[in-house]
Structure formats: structure tokens, C-alpha cells
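> Using our numbering, read the sequence shown as starting at 52 and increasing by one per residue.
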Amino acid sequence: MNDDGRLPSDVIREQLARQVLRSRRMAVALAEAHERVALTEEETAETYETLAARGGPHRQRFRGKAEAARKAAATAHTCAIWAYWIADRAPDL
């Protein structure tokens with residue numbers, strides 16, 4: 052027992068629980084940040100598609116940028132899913 056009458060295993064369990072909770076919060080915050088990035092990239096893709104639809108000499112370049120933004124949005128969305136998955140599977144202590 053420790054000075055405060057608790058078993059060392061209880062102290063370790065409490066410390067681990069705090070670390071897991073902090074990890075969960077960080078994983079959720081990371082997921083939310085990736086969701087915001089995905090939304091921004093989707094909006095960016097729409098903007099480039101609108102610019103491409105207007106025609107002009109830069110139409111192909113704008114379409115390429117729109118496609119790149121869509122890919123970035125998909126990647127960010129996948130990262131958000133994984134971060135939520137990590138947060139959901141943190142062990143309960």
C-alpha cells in the first residue's frame with residue numbers, strides 16, 4: 052500500500068485511465084479537425100468547378116485543382132474515420 056492507503060495497482064490504473072481519457076479527447080479532436088479539413092476541401096473543389104464551368108484558358112487547370120481538392124477531402128474524411136475508430140476502441144479502465 053502507498054502512503055494514502057491505496058494499492059499500487061489502483062494508482063497505476065488511475066494514471067492509465069487519465070492517459071486514455073486524454074488520448075480519447077485528442078483522437079476526437081483530431082477527427083473533428085479532419086472533418087473540418089474535408090469540408091473545406093469539398094468547398095474548394097466546388098469553387099474550382101464553378102471557375103472551370105465559366106470556361107476560359109484555365110479551365111483544365113481549374114478542373115485539375117478541383118480533382119486534387121476532392122482527393123484531399125476524401126483523405127481527410129478517411130483520417131477522421133480512423134481517428135474516431137481509435138477513440139472508440141480505447142480501453143475502459
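Cβ atoms here follow ideal geometry from the backbone N, Cα and C, with glycine treated the same way.
Using CA atoms only, rank isn't needed, just tell me which of L67, K116, A124 and Y99 is closest to T91.
Against the sequence shown, residue 91 aligns to sequence position 40. Residue A124 is the option with its Cα nearest to T91.
> Consult DSSP for D54 and reduce its assignment to one of helix, strand or coil.
For this step, residue 54 is matched to residue 3 along the sequence shown. DSSP places D54 in coil when its eight states are reduced to three.
> Under a three-way DSSP split, which group does R140 fall into?
Counted from its first residue, the sequence shown places residue 140 at position 89. If DSSP states are grouped into helix, strand and coil, R140 belongs with coil.
> Taking just the CA atoms, how far does E94 sit from R76?
Counting from 1 along the sequence shown, the entry for residue 76 is found at position 25. Counting from 1 along the sequence shown, the entry for residue 94 is found at position 43. Each residue's Cα considered, the two are about 27 Å apart.
> Buried or exposed: which applies to A134, given that a residue is buried once 16 or more other Cβ atoms fall within 10 Å of its Cβ?
Position 83 of the sequence shown, counted from the start, is the residue given in the question as residue 134. Buried, since its Cβ has 16 or more Cβ neighbours within 10 Å.
> Taking the alpha-carbon positions, what's the F113 to A96 distance?
As a first step, residue 113 is located in the sequence shown; it is residue number 62 there, counting from the start. As a first step, residue 96 is located in the sequence shown; it is residue number 45 there, counting from the start. So the alpha carbons of these two residues sit roughly 9 Å apart.
> Going by alpha carbons, who is nearest to H85 out of E65, R69 and T126?
Numbered from its first residue, the sequence shown carries residue 85 at position 34. It is T126.
> Would you report the Cα separation of W136 and Q70, rounded to the nearest angstrom?
Position 85 of the sequence shown, counting from 1, holds the residue named residue 136. Position 19 of the sequence shown, counting from 1, holds the residue named residue 70. Going from the Cα of W136 to the Cα of Q70 covers about 17 Å.
> Can you grab the Cα-Cα spacing for the pair K116 / T129, in whole Å?
In the sequence shown, counting from the first residue as 1, residue 116 sits at position 65. In the sequence shown, counting from the first residue as 1, residue 129 sits at position 78. Whole-angstrom Cα-Cα distance: 20 Å.
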